[in-house]
Structure formats: structure tokens, C-alpha cells
Amino acid sequence: MTARAGVRLLALPPSALADRPVATLEDIDRTLEPDAVWVLGPAREPQAFARARSAFDAPAFHPPLETGGTEPSHRRVIVDGDGAELEIAVVQSLRALRSAPEAVSSALGDENDRTALVCDDVTTTVRPTALETRLEGAETLASALPAGTVTTVLTGSEPAAYDELWRLESETGAVRGVDHELRAGVEPLDEDCVAVRVRGAGPVEGYGRSRSIAVLTLTPDGVERVETHDVTDFGLESVSGIGPKTAERLADRGVSTRTELLETPIETLAGLPNVGRDGARTMHEHARVLETGEPRRLTDESLPGANWSTPPLCVDIETDGLSPTIIWQIGVYDPVADTYRAFVERDDPTDPASVLEAFCDWLLGVHPDRALLTWNGWGFDYRHLGAFVAKHVPYYADEWESIPKFDLYLWAVKNDNALLPGRTNKLEAVADALGYDGAATGLDGAATAAAYQRFMRTGAELEWDRHEAYCEDDCRALWRVYERLRDAPTASASSSFAGVSASNSSDASGSASSTASSSTSASGSEATDSGSSGGATQRDSSSGTDSEQTGLSDF
């Protein structure tokens, strides 16, 4: 795992526990390294709770069961791997909260020791006829939670992406207002206002209740980060070619782990329905990659830019959203000099030209002969850079189009040249699996976009150093992945991998540092369009000719 700050709370819907083999749950435990496991309510699910307690090393809790005694709530201590402790308050239900609000308030601690509250039946409902959203239990929350401060409430009844601040009248629970886009350090409206920051931990759209899981990183200041995963990214179903039906057939034959899969002869796997010999070889190949953490080259194709005299520059961009109005940060890592350069718009978010101009001045003036390298650049970075250069610095448009542009994700995943050891094909997951020690900024592409949107709207300053570190981290991670792929043997170099050509179907289309319907760029920035801009070329080393890279949608 990458370096981290805060405790990691794994939120699991009961159906995700009930529908998966114990081996899959143990794989989730090893990979995500939770410090505590929260089996989501509000319904009582004793079997799911027992399954979590037996499968995970971390302590588990299930609010409907854990707080069903005389006390409506209690404080639970979560300890991270370094021994640091953080407390949360767990309440059985809104009904229990209503019965003893003073006890709950006491469990939350004083203003100097405030903790988050877990209550699974806190949820929102939409009333279409009234064109409003209602916070269920608002009156109960207002009576139990302290005024003049912000209390974080964690609930499994809202999706993991949900994060809104509800401001309530302390006497009646009437809603004064709702803040939809927040920073960690939000403040209450005034001393007689009960401010409730509702954070979801439930299934996100697109995965389904039986597949969506989330990891919340908690610090004394609240929820630092939320990661979402598809449970099929773990266990046997993480292997290319294995879906639920094939996993069931393998389980019937006593195969429930990737190690057992590798011990199963190719002939046996090939005899399964809809598998065949090629599919069986792919299963073995991908299982070995996931188990060893070593990427495998499937062809003899050279890496993009490998035959150039100077390695390419690693590039990543940050924007203000999926349909950006500004590229506010461009990061460039030079692997030759081991230096990083950032071009950031800190002063005038209404001026999209200045960062582009500074970047092009530097690139064309200092490195006119260098190629560029991205992760899924044709799905996001190159596409938006090309459009913005043409619009805002058109005097550099021709030169920009002539710069050689390479895309490592395109080469490895879409062109079936390699199998990668990440649970998904997002850059962070791949780099992490390859041992890259990230900067642990706690950010992703969506968070950086949201932060800059706030800056554009309110002038609220970003933590600039942190956001620059996030972009730099992606550029350096990209080069780490490049190096590991470059050093991996080609297909013909090892007879055990000769003739294998299969795509890595653990494509991150089912993952989410964002929702399943979104796409993620090299840094986790989201993209949905698959269009390409311009005719950049990638050298085909086997033929000595240039082949055009086409635009591709991200994960």
C-alpha cells in the first residue's frame, strides 16, 4: 500500500459479504488493509457480521447489533497500523438516538474531542412535487447533536460520493440551508445552528449493492478521503476471463484462490464452458501477474518512445471538471534530469491562457525535441491540451500538433501489449501494485477539480503545495510504471509467455475513485469523451513506420 495518513474504515454492504467466497474477502483484507470493518445497516444482518468477523483481521462492527444493549451508542476506538488511535461514536438507529439524545451527545465528546457519529438510517429523500430534498431524522439530529459546531455523520444509506452539510434549527430541526460543495474545515452558520455534515459510505451507482464497497480514511478533522471499489476486483473475479459463473464453476472444483487457479492445469480450465485453451492461458497469465506483482509483456512491441535517444517527458494536467473551462495545472517530470516543473494558475482562474502559454514557452523553448508521455492521454490530457492550445494560444497550435505524443495506457491495455498487476488499470492502482511509494496527498482528480471550482467561485485558496504534490506524484508514478514495463521481458524472451495475447479485463470501468459511469485520467481526473485531437504518432519499432494513436475513452 502507498503511504497513508489517518485510519482506514472499510464499509461493506451485507450483500457483498454474503455473495462472495471467504477467499475473496481475505483478498480484500490483504489488499485494502482496513483498520476497522463497518458492516452497513440499518437492517440487522447477523450472518454478514459474523462473516466479516471471521474473514477480516481488523475488528468489525455492525451498528444494529453492536449497540443494541441499554446504551443507545458507544465510542469505538480504531487503531491504525502505526498505533495511532481515533474514536467514532456508533448509534444503533435514529430511534435509539431519539430515546436518549443526551447519552449520544456525551458519546460524541466535547468541542475539543469531537468525533464522528455512525448512524445508518440517516438518509435523504427527494419530494419531486415539492422540488425539495428532505433529511430524514433532522429533528432527532438537531435534538441530540451540539449547536455551534460541525458534527460528521457517517451513513450507509447514502452512496459513498455523498457529502453535504445540513444546517438545522436547534429547536425544531428545520433546515436553514444545505451546502453541496465543501472543504474539510467548514464552519457552522452561528451558535444556535446544528451543522450536520452527512458523509455517505453506501453503494455507488453502477456497481449494485452486492458489488460496491468503500474505504473511508478518517482523521481527527473528519473524512479525509473516500475510495470506492468493485468487489469483483478481488479474489478470482479479478482475473481476466473469470466472471461470477466461471468463479462458481471453479469453486465447485475446489478452486477459490488465484494460487489454486495457477495449480489447476490449462487443460482443466480449458474444459470449462466458454473458456477454451486461449482463455485458460490468459487466466494463468493474469493470475500470475496479480500474485507476483510483476507486469508481463504479451508482445515484442517496444514501449512508446523506447527507441528515441532521449526518454519522453511525463505529463499530467488538472482541470476544473469533466468539461473544463480551464487547465489550471500542468505538471511535467523529466526522467533524464529527475526534475519536476509545475505550471499553475493561482491568481486569475478566468484566464486559461497564461498557464498554457508558460507551458508552451518552456516546452518549445527548452525541450523542442522531446516527446511527451501520459497515462490515457488520448482520453483526457492530450485531447484537452490540444483544444485549449488551439483556442487560447493559437500561435503555438501547429507546433503543439507536431510534438510526438505517447500514451502508455493505450500501449499496454488497449493495444494488448502487457498485463498489469493493478486491481484496476488506473495509474494509482498500477503504480501502487508495482511498489511505488506515493506522496499520500489524499487527493484524486475529482477532489482537485472540486477544489479549483470553489476557488473560481469564492476565491477560497487551495492548499497549493498539496495539489502540486498530487500532480507531481502522478507524473513520477507514470515513469515508475514505464520503467517496470521497459524492464519486463518481451513475449519471445520467455517461452512460458510466448504466444499469449489477451487484454487485461480488470479494466477500471468498474472502479471508482469516482462513480462507475465516469472515466478517470492518469491522475484520476475524470473523462467521458473518447475523441482525439490531432494526428500525433507513435513509433512502431517492429516495422519502422509511424502508426497514428487514436483517441480512447478512459476507464
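Position in the sequence shown (first residue = 1) + 6 = the numbering used here.
Using N, Cα and C, we set each Cβ at its ideal position, and we do this for glycine too.
Bear in mind the structure is a predicted one, so any value in this text is a computation, not a measurement.
With DSSP collapsed to three states, give me the class of Asp236. Strand.
Bridge-paired residues (DSSP) for Lys411: Beta-bridge pairing links Lys411 to Leu378.
Can Thr139 and Val132 be called in contact, C-beta distance under 8 angstroms? Contact flag set, yes.
Top-ranked residue by Cα proximity to Gly428, from Arg302, Ala499, Thr331: Checking every option, the nearest Cα to that of Gly428 belongs to Arg302.
What is the DSSP secondary structure of Phe55, reduced to helix, strand or coil? For Phe55, the three-state secondary structure derived from DSSP is helix.
Inter-residue CB distance, Pro318 and Phe412 (contact presumed, cutoff 8 angstroms): Separation of the CB atoms of Pro318 and Phe412 is rounded to 6 angstroms, and the pair is thereby assigned contact status at 8 angstroms.
With a CB to CB cut of under 6 angstroms and the five nearest residues on each side skipped, what residues in its chain are close to Leu369? Once the five neighbours on either side are set aside, Leu369 has no close Cβ partner at all.
Would Thr30 and Val295 be called neighbours here (beta carbons separated by less than 8 angstroms)? Against a cut-off of 8 angstroms, the Cβ pair of Val295 and Thr30 comes out as no contact.
Under 8 angstroms, do Ile323 and Pro358 count as touching if we go by C-beta distance? No, they are not a contact pair.
What three-state label does DSSP hand Ile84 in the structure shown? Residue state, collapsed to three classes: strand.
Does Arg482 come out as helix, strand or coil in the three-state DSSP assignment? Three-state result, Arg482: helix.
Can you grab the Cα-Cα spacing for the pair Met462 / Pro355, in whole Å? Going by the C-alpha atoms only, they are around 6 angstroms apart.
With H, G and I counted as helix, E and B as strand and the rest as coil, what does DSSP make of Trp406? Shown here, Trp406 sits in a helix according to DSSP, grouped into three states.
Taking Cβ to Cβ, would you say Val45 is nearer than 8 angstroms to His68? Cβ distance < 8 angstroms, so Val45 and His68 count as in contact.
Compare the beta carbon distance of Gly179 and Glu142 with 8 angstroms and say whether it is the shorter of the two. Going by C-beta atoms, Gly179 is not nearer than 8 angstroms to Glu142.
Taking the Cβ atom as the reference point for each residue, do Val338 and Val350 lie within a distance shorter than 8 angstroms? With a cutoff of 8 angstroms on beta-carbon distance, Val338 and Val350 are scored as not near each other.
At a cut of 8 angstroms, does the stretch 430 to 439 reach the stretch 395 to 410 through at least three beta carbon pairs? Taking a cut-off of 8 angstroms for Cβ pairs, the stretch 430 to 439 and the stretch 395 to 410 do not touch, as fewer than three such pairs fall below it.
How far does the beta strand (DSSP E) with Glu164 in it reach, from first residue to last? Here the beta strand (DSSP E) through Glu164 covers 156 to 165.
Counting Cβ pairs closer than 8 angstroms, one from the stretch 260 to 270 and one from the stretch 284 to 294, do we hit at least three? Yes, since at least three Cβ pairs between the stretch 260 to 270 and the stretch 284 to 294 fall closer than 8 angstroms, the two stretches touch.
Straight-line CA distance for Ala257 to Lys251? The C-alpha of Ala257 lies about 10 angstroms from the C-alpha of Lys251.
Same chain, Cβ closer than 6 angstroms to Ile34, five either side skipped, listed in chain order: For Ile34, where only same-chain residues beyond five positions count, the Cβ hits under 6 angstroms are Phe240.
Under a three-way DSSP split, which group does Glu93 fall into? In the structure shown, Glu93 sits in a strand (DSSP, three-state: E or B).
Count the other CB atoms within 10 Å of the CB of Tyr421; is the residue buried (16 or more) or exposed (fewer)? Looking at the sequence provided, one finds Asn at residue 421 rather than Tyr. Counting every other CB atom within 10 Å of its CB across the protein chains shown gives Asn421 a total of 16 or more, marking it as buried.
Tell me whether Val436, by its Cβ, gets closer than 7 angstroms to a heavy atom of the ligand COA. The ligand COA is not among the ligands present in this structure, which contains no ligands whatsoever.
Arg294 (DSSP reduced to helix, strand or coil): Arg294 carries a helical assignment under DSSP once its states are collapsed to helix, strand and coil.
I need the straight-line Cα distance from Tyr388 to Asn382, nearest angstrom please. Spanning the two alpha carbons is a distance of roughly 9 angstroms.
Look up Ala42 in the DSSP assignment and say whether it is helix, strand or coil. Strand.
If you run the structure through DSSP and keep just helix, strand and coil, what is Ile219? Strand.
Measure how close the beta-carbons of Ala293 and Val245 come, nearest whole angstrom, since I'm counting them as under 8 angstroms. Confirmed, Cβ separation roughly 5 angstroms.
Neighbourhood of Ala54 by C-beta distance below 6 angstroms, restricted to the same chain and skipping five residues each side: The answer, listed in chain order, is Pro20, Leu23, Ala24, Val45.
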